[in-house]
Amino acid sequence: MLPTARKLVFSEVPIVDLGPAWRDDAGRAEVADAIAAAAGTVGFFYVRNHGLAEQDVRDIFQTAVDFHSLPLEAKMEVSLKLNDHAQGYLHGMTKGNDANIKENLQEAFQIRRPLADDDPDLLAGKPLHGRIPWPSAMPDLKPRMMAYYDKINGLGYRLLELFELSLGLAAGTLKASFAKDMNSLRLLHYPPQRPDESGEHLGARGHTDTNAFTILAQDANGGLEVRNRDGEWVAVPPVEGTLVVNVGEVLKVWTDGVFTSAVHRVINRSGNERYSIPFFMYPSFDAWIQPLIRNPDPANVAPEDLPTSFPRDRPFVYGELKARNVARIMPQKSAA
20 MLPTARKLVF SEVPIVDLGP AWRDDAGRAE VADAIAAAAG TVGFFYVRNH GLAEQDVRDI
80 FQTAVDFHSL PLEAKMEVSL KLNDHAQGYL HGMTKGNDAN IKENLQEAFQ IRRPLADDDP
140 DLLAGKPLHG RIPWPSAMPD LKPRMMAYYD KINGLGYRLL ELFELSLGLA AGTLKASFAK
200 DMNSLRLLHY PPQRPDESGE HLGARGHTDT NAFTILAQDA NGGLEVRNRD GEWVAVPPVE
260 GTLVVNVGEV LKVWTDGVFT SAVHRVINRS GNERYSIPFF MYPSFDAWIQ PLIRNPDPAN
320 VAPEDLPTSF PRDRPFVYGE LKARNVARIM PQKSAA
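Shown next, in the form of structure tokens:
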């Protein structure tokens, strides 16, 4: 079932039909094999028959449009620069403390797993733990986002089980690292980019995701691109009825590089306002991350020279690296 690592060369991102996985054990094994093949070569794949209704997806895109149509002052009320846990509104053309990166041409509203008011980590001020700042100008944002969050979160855990099966791991092996997940939902807006722009700033600069995996709903405008090991950028256009799943750095570490955490970027060439809705499967802050299998071909691994690359040669506490990466790429709380 487990594929060997092989050079990332592809002409298209595969489509995995999840339908058989909901049918019986044989179907689950079939889908797990397809996921393993895609994760071990491209690191990206589409999923269809994922269980979310078309109306669910339409509703969350309308929610994104409605939020980003608010006046700037209403959005700045919940700026993530007002807290130290990186939740809320991310203003366009901002970045963190890394002087070597360029600002992204995007704005976003992002939340993580909601915490109870008496949550001990929240009360202790643990990094990346805090109350979600909901904007007063859009009182229905919370129920609308949480309706989608609950459904996409359920899909995330079903996919996590399929990843376990694809790797030949005992049920619950990966889930153990999500005892108190930091899963995150983001409403992204990208302005159009002119063909004659310099390219100094992109909708999203090239990066890998610092989570286990991401489930993305993208609108009809396109813009997502993936880089293969030959340095070619390959478009991942929207396909009706599908979501896009991509491997993050944590799955890459768990598989010792067998699964590919591919570099990707966003360039909105459509001439239209672009929206996308990523959902990030983040392990618990205290999860101990290290390879769970050994790569049979350790010399054949996707490049690991980006700042977002996670180490495979030593175990680490997930939240510590995640917090450092957040500070690197996102603006921090403003001084009083």
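Under our numbering, the first residue of the sequence shown is numbered 20, with each subsequent residue one higher.
Where is the CB? At the ideal position from N, CA and C, for every residue including glycine.
Owing to the predicted nature of the structure, the values given are computational and were not obtained by experimental measurement.
Report task. Please classify Pro162: is it buried, with 16 or more other beta-carbons within 10 angstroms of its beta-carbon, or exposed? Result -> By 1-based counting over the sequence shown, the position of residue 162 is 143. Exposed, since its Cβ has fewer than 16 Cβ neighbours within 10 Å.
Cβ-based burial, Leu243 [other Cβ within 10 Å; buried from 16]: Locating residue 243 in the sequence shown gives position 224, where the first residue counts as 1. Burial call: buried.
Assuming Asn287 contacts Pro210 under a Cβ cut-off of 8 Å, what Cβ separation, rounded to an integer in Å, is found between them? Indexing the sequence shown from 1 puts residue 287 at position 268. Indexing the sequence shown from 1 puts residue 210 at position 191. That pair is a contact at about 7 Å.
Distance between beta carbons of Thr274 and Ile312, contact taken as under 8 Å: For the purposes of this step, residue 312 is taken as the residue at position 293 of the sequence shown. For the purposes of this step, residue 274 is taken as the residue at position 255 of the sequence shown. Right, their Cβ atoms sit about 6 Å apart.
Worksheet entry | Cβ-based neighbour list, Arg246, same chain, cut-off 8 Å, excluding 5 preceding and 5 following | The residue labelled residue 246 in the question sits at position 227 within the sequence shown. Same-chain partners within the cutoff: Gly225, Trp252, Val253, Ala281, Val282, His283 and Arg284.
- Who does Gly107 pair with in a DSSP beta bridge? In the sequence shown, residue 107 corresponds to position 88, counting from 1. Listed as beta-bridge partners of Gly107 by DSSP are Gln129.
Exercise. Evaluate Asn265 with the Cβ neighbour count: other Cβ atoms within 10 Å of its Cβ, from every protein chain shown; 16 or more gives buried, anything less gives exposed.
Key: Here the question's residue 265 lines up with position 246 in the sequence shown. With 16 or more Cβ atoms within 10 Å of its Cβ, Asn265 is classed as buried.
Requested in this report: For Phe299, I'd like the list of residues in its chain whose CB is within less than 6 Å of its CB, leaving aside the five on either flank, ordered along the chain.
Outcome: Residue mapping note: residue 299 aligns to position 280 of the sequence shown, counting from 1. For Phe299, where only same-chain residues beyond five positions count, the Cβ hits under 6 Å are Ser203, Asn230 and Thr233.
Expected contact under 8 Å - CB spacing of Ala127 and Leu206 to nearest Å: Against the sequence shown, residue 127 aligns to sequence position 108. Against the sequence shown, residue 206 aligns to sequence position 187. Contact holds; Cβ gap of about 6 Å.
Check your understanding: Rounded C-beta distance between Pro146 and Gly338? I'm assuming under 8 Å.
Key -> The residue labelled residue 146 in the question sits at position 127 within the sequence shown. The residue labelled residue 338 in the question sits at position 319 within the sequence shown. About 6 Å separates the two Cβ atoms, so the contact holds.
What did DSSP end up calling Ile120 once you bin it into helix, strand or coil? In the sequence shown, counting from the first residue as 1, residue 120 sits at position 101. Residue state, collapsed to three classes: coil.
Helix, strand or coil at Ala355 according to DSSP, with G and I counted as helix: As a working note, residue 355 is residue 336 in the sequence shown. Per-residue confidence for Ala355 stands at a pLDDT of 46, beneath the threshold of 50, marking its modelled position as unreliable; the derived number appears in the next sentence. Three-state result, Ala355: coil.
Report back the beta-carbon spacing between Ser196 and Ala306 to the nearest angstrom; my notes put them in contact at under 8 Å.
Residue mapping note: residue 196 aligns to position 177 of the sequence shown, counting from 1. Residue mapping note: residue 306 aligns to position 287 of the sequence shown, counting from 1. Right, the Cβ-Cβ distance comes to about 4 Å (below 8 Å), so this counts as a contact.
What's the call for Asn119, buried or exposed, on a 16-neighbour Cβ count within 10 Å?
Locating residue 119 in the sequence shown gives position 100, counting from the first residue. Exposed, by the Cβ-count rule.
Quiz prompt | Spatial distance of Tyr65 from Gly59 (CA atoms) | solution = For this step, residue 65 is matched to residue 46 along the sequence shown. For this step, residue 59 is matched to residue 40 along the sequence shown. If you take the alpha carbons of Tyr65 and Gly59, they lie about 14 Å apart.
Item checked: Segment limits, beta strand (DSSP E) that includes Asn265 -> As a position in the sequence shown, residue 265 is number 246, starting the count at 1. Where Asn265 is concerned, the enclosing beta strand (DSSP E) stretches over Thr261 to Val266.
Quick one: Cα of Pro39 to Cα of Val50, how far? Translated into positions along the sequence shown, residue 39 becomes position 20. Translated into positions along the sequence shown, residue 50 becomes position 31. Pro39 and Val50: Cα-Cα distance of roughly 7 Å.
(Q) If contact is defined by three or more beta carbon pairs under 8 Å, each pair taking one atom from either stretch, is the stretch 97 to 115 in contact with the stretch 341 to 352? (A) yes
Check: If you drop the 5 nearest sequence neighbours on each side, which residues of the same chain put their C-beta closer than 8 Å to that of Pro214?
Finding: Taking the first residue of the sequence shown as position 1, residue 214 is located at position 195. Excluding residues within five positions, the ones whose Cβ falls inside 8 Å are Arg288.
At which residues does the alpha helix (DSSP H) containing Ala190 begin and terminate?
Along the sequence shown, read from residue 1 onward, the residue named residue 190 stands at position 171. Neither: Ala190 is in no alpha helix (DSSP H) and is coded neither H nor E.
**Asked** Just curious, the beta strand (DSSP E) that Gln237 is in, first and last residue?
**Response** Numbered from its first residue, the sequence shown carries residue 237 at position 218. Residues Phe232 to Gln237.
Using the rule of at least 16 other Cβ atoms within 10 Å of the residue's Cβ for burial, across every protein chain shown, is Ser295 buried or exposed? On the sequence shown, position 276 is the one that residue 295 refers to. Buried, since its Cβ has 16 or more Cβ neighbours within 10 Å.
* Asked: How would you write the range of the alpha helix (DSSP H) that His377 sits in, first residue to last?
  -> There is no way to answer for residue 377, as the model of the chain reaches only from 20 to 355.
Met201 classed as buried or exposed, judged by whether at least 16 other C-beta atoms fall within 10 angstroms: Taking the first residue of the sequence shown as 1, we reach residue 201 at position 182. Buried: at least 16 other Cβ atoms inside 10 Å.
By Cβ distance below 8 Å, which residues in the same chain neighbour Phe86 in space, the five residues on each side in sequence not counted?
-> Along the sequence shown, one-based indexing puts residue 86 at 67. Once the five neighbours on either side are set aside, the close Cβ partners of Phe86 are Lys94, Phe128, Pro154, Met157, Leu160 and Leu206.
Based on Cα-Cα distance, which residue from Val32, Arg131 and Tyr167 lies nearest to Arg150?
-> Counted from its first residue, the sequence shown places residue 150 at position 131. Of the candidates Val32, Arg131 and Tyr167, the one whose C-alpha sits nearest the C-alpha of Arg150 is Arg131.
TODO: Determine the contact status of Leu262 and Ala239, defining contact as a CB-CB distance below 8 Å.
DONE: What you label residue 262 is simply residue 243 of the sequence shown in a count that begins at 1. What you label residue 239 is simply residue 220 of the sequence shown in a count that begins at 1. Against a cut-off of 8 Å, the Cβ pair of Ala239 and Leu262 comes out as no contact.
Problem set entry | Bridge-paired residues (DSSP) for Trp252 | Within the sequence shown, residue 252 is the residue found at index 233, counting from 1. Per DSSP, Arg246.
**Q.** Residue closest to Pro33, alpha-carbon to alpha-carbon, out of Gly173, Arg42, Lys199 and Pro257
**A.** One-based indexing of the sequence shown puts residue 33 at position 14. Residue Pro257 is the option with its Cα nearest to Pro33.
Among Leu109, Asp103, Gly111 and Gly276, whose alpha-carbon lies nearest the alpha-carbon of Pro315? On the sequence shown, position 296 is the one that residue 315 refers to. Of the listed residues, the one whose Cα sits closest to Pro315 is Gly276.
Discussion item. Just verifying my parser: in three-state terms, what is the DSSP assignment at Arg288?
Written reply: The residue given as residue 288 occupies position 269 in the sequence shown. In this structure, Arg288 counts as coil in the three-state DSSP scheme.
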